[in-house]
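All remarks here apply to the structure that follows.
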Amino acid sequence: MAAYDEGGDGFYGGRTRTYEGGVGLPRRPRPVTDYGSSMVQWMRTRRPRYRGSHRMEVERPSLSYTVDMLPPLARPQAPADTIPVRHLHQSIGKSKKPITVVRWTPEGRRLLTGGHTGEFMLWNGTAFNFETVMDAHYDQFQAGVTSAAWSHSHDWLISGGQKGDVKYWRPNFNNVETVDDAHHDAVRDLAWSPSDTKFLSASDDTTLKIFDFTARACDTVLTGHNWDVKSCDWHPTKGLLVSGSKDHQVKFWDPRTGRCLTTLHSHKNTVTTTKFSRVNSNLLATSSRDCTARVFDLRMMRDICILRGHEKPISSMTWHPVHSSLISTGSEDGSLYHYLLDEPNLPSGHVPTVAPYDSNDPLNTPAQVIHPAHRIQYAHASTIWSLNWHPLGHILASGSKDNFTRFWSRARPGDTSYMKDRFHIGEEAAEAQGTWNRTFGKKQMREEEEQEAQDEAEGLVDQKNATSSLPGIQGLPGISSDAGSFGLPGIGNYQPPPVQPNMPMTMNADSLASMMGGASAPPAYGSYPAQNPGFPGLMMNAPSTATPPPQPPKLDPNLNLAALQKQLMAQGIQLPANFADPSAWHKS
């Protein structure tokens, strides 16, 4: 569900304050998504399976039923309700370079994008505004982020670059390790093993490699493709690898032996994507530059569905995280199509085909032809290089060669205006119908770019401030991972307990007797920190570094307690009779 938050504040007439203290231009209202109300509504109305069906309000075609919109998890049998047909927002970085990778963070709060500049950019997952930018795979000659993948435990992110390097990242985006010589060419895809102990990489150097994550070393090199390897994936539960190459082949591999198990020759051009379904692990989806995508059943080792409809090569594809029958594809002409595997959606004049599952001979029945359930013909102006679903499955992010990152979601109940926007019918047709104004659209786009640039500038200023991470919060912009250095008002750096002035670090009989009797001054043991003039006797620690507290005074192991007893008693200090016998102290 999307709402709108008014820009600016009431003190400046809708205008915004700049960091220099001036008043900027009025900020356009920014669309904001909030899935909290939908999740609460679902949790309030759902019932356990053993108590019967769910008691949920039926969504009717009226905006008043917007409050009854439920997340995809609440409607596992209704994938059509989850199709993202509505454009929410578009974001563009200050560099205005093509976006090659889009990945939601595991908790869904931010979207990570990478492009030709070799930088990571983080966008807010609720308001879609810029948060931070960081160098990832920047090189003077070969800059560019080509792939990225989160571990199943959500503790690590690995990314591949144009020059063949692989980098390790923590959830707070600290780069902790780099494998510079992972490949001799660009790393096109990455995939984790189910245990997160190894990962698979595919490269334009015609090889795939299995790396030991902890040792940061290559275990196995998979050779067999005759051209660039464009995609790879590791089965979520089985010991099975898949790869797609520019040689038109889809290969299956055994990760233990590195042996090729079988090869599929279904595509007639470069295979751009190979992805196992995380919901139904028996299915594999592939896309190709032959303008088709195919779904394979691993049990029969054959294609069961052919996804047609694209007029240009398919450049990206993704499964829905909840619905196993929903597949989204992006093309080189900027079109975004959504397919339902259980609905052929044949155009008029086409002869319907039978699904292999419904035939008497599933091994020899031709694959069923599926056409798009929904088309967004003008989603982008150029190639869509990456698609990624929000973990909850309610927002789809797309990154394109046209430099834009766009967000898509389902429509509100009763809303049909999206069918006439410029993304569905084009700018000229939308302008003719009055749903889009070219002049206003350019002005709006320019204002959005200025707003993103301002957000980026403010985010970079925030990163310069000395701040630190709070417990349970990771990955915030400009926040260090060093626990113990807080930059919040009223919370200073951790300081060790003060040292008692004039306290020696070691003691012997003479110094201890002189201190307790006051006969002579104690020995000096080094320079002391400056005294706090406001609090006599209280030490002032250095503000830049927090030194560890000194060790407590240590007794000399050769200390003669009998001699010490005589010296102290000569000065009039009364001591127990067993003072010289430490073994008898616990008996007294």
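In terms of UniProt numbering, the sequence shown has 394 at position 394, counting the first letter as 1, and numbering is strictly consecutive.
Where a beta carbon is used, it is the ideal one built from N, C-alpha and C, also for glycine.
- In terms of Cβ geometry, Ala191 and Cys232 form a close pair [threshold 7 Å].
- Contact between Met121 and Gly93 holds, with the beta-carbon distance rounding to 5 Å and staying under 8 Å.
- The Cβ atoms of Lys97 and Gly115 sit closer than 7 Å to each other.
- Contact annotation: Ser400 and Ile384 have beta-carbon atoms nearer than 7 Å.
- A Cβ-Cβ contact shorter than 7 Å links Asn226 with Asp247.
- With contact defined as three or more Cβ pairs closer than 8 Å, the region 58-74 and the region 304-315 are not in contact.
- CA-to-CA, the gap between Ser91 and Ala127 works out to about 11 Å.
- Membership of Met43 in the alpha helix (DSSP H) is indicated by the continuous run 36-45.
- By the Cβ neighbour-count rule, Thr286 is buried, with 16 or more other Cβ atoms within 10 Å of its own.
- Thr257 and Ser348 have their C-alpha atoms some 50 Å from each other.
- A direct Cα-to-Cα measurement between Phe199 and Ile425 gives close to 42 Å.
- In the three-state reduction of the DSSP assignment, Val322 falls in the coil class.
- Beta-bridge analysis with DSSP links His265 to no other residue.
- Note that the C-beta distance between Leu341 and Ser325 is below 7 Å.
- Annotation for Phe579: no alpha helix (DSSP H) segment contains it, and DSSP assigns it neither H nor E.
- Nearest C-alpha to Ala293 among Gly330, Met301, Arg299, Leu261: Gly330.
- Judged by pairs of C-beta atoms under 8 Å, the region 364-374 touches the region 76-86, as three or more such pairs exist.
- With three or more CB-CB distances shorter than 8 Å, the region 143-160 counts as touching the region 196-216.
- Taking C-alpha positions only, Thr45 is separated from Leu70 by approximately 10 Å.
- Between the alpha carbons of Asp290 and Phe404 lies a gap of roughly 25 Å.
- The region 91-121 contains, as complete beta strand (DSSP E) runs of 3+ residues, the segments 99-104, 110-115 (chain order).
- Exposed is the label assigned to Glu428, since fewer than 16 other Cβ atoms lie within 10 Å of its Cβ.
- The beta carbons of Ser243 and Ala202 sit closer together than 7 Å.
- Taking C-alpha positions only, His235 is separated from Glu177 by approximately 26 Å.
- In the DSSP assignment, no residue is bridged to His235.
- Straight-line spacing of the CA atoms in Thr272 and Arg75 works out to 31 Å.
- Bridge pairing for Glu177: Tyr168 [DSSP].
- Counting C-beta atoms within 10 angstroms of its own C-beta, Ser245 has 16 or more neighbours from the protein chains shown and is therefore classed as buried.
- Taking all protein chains in view, the Cβ of Pro84 is crowded by 16 or more other Cβ atoms within 10 Å, so the residue is classified as buried.
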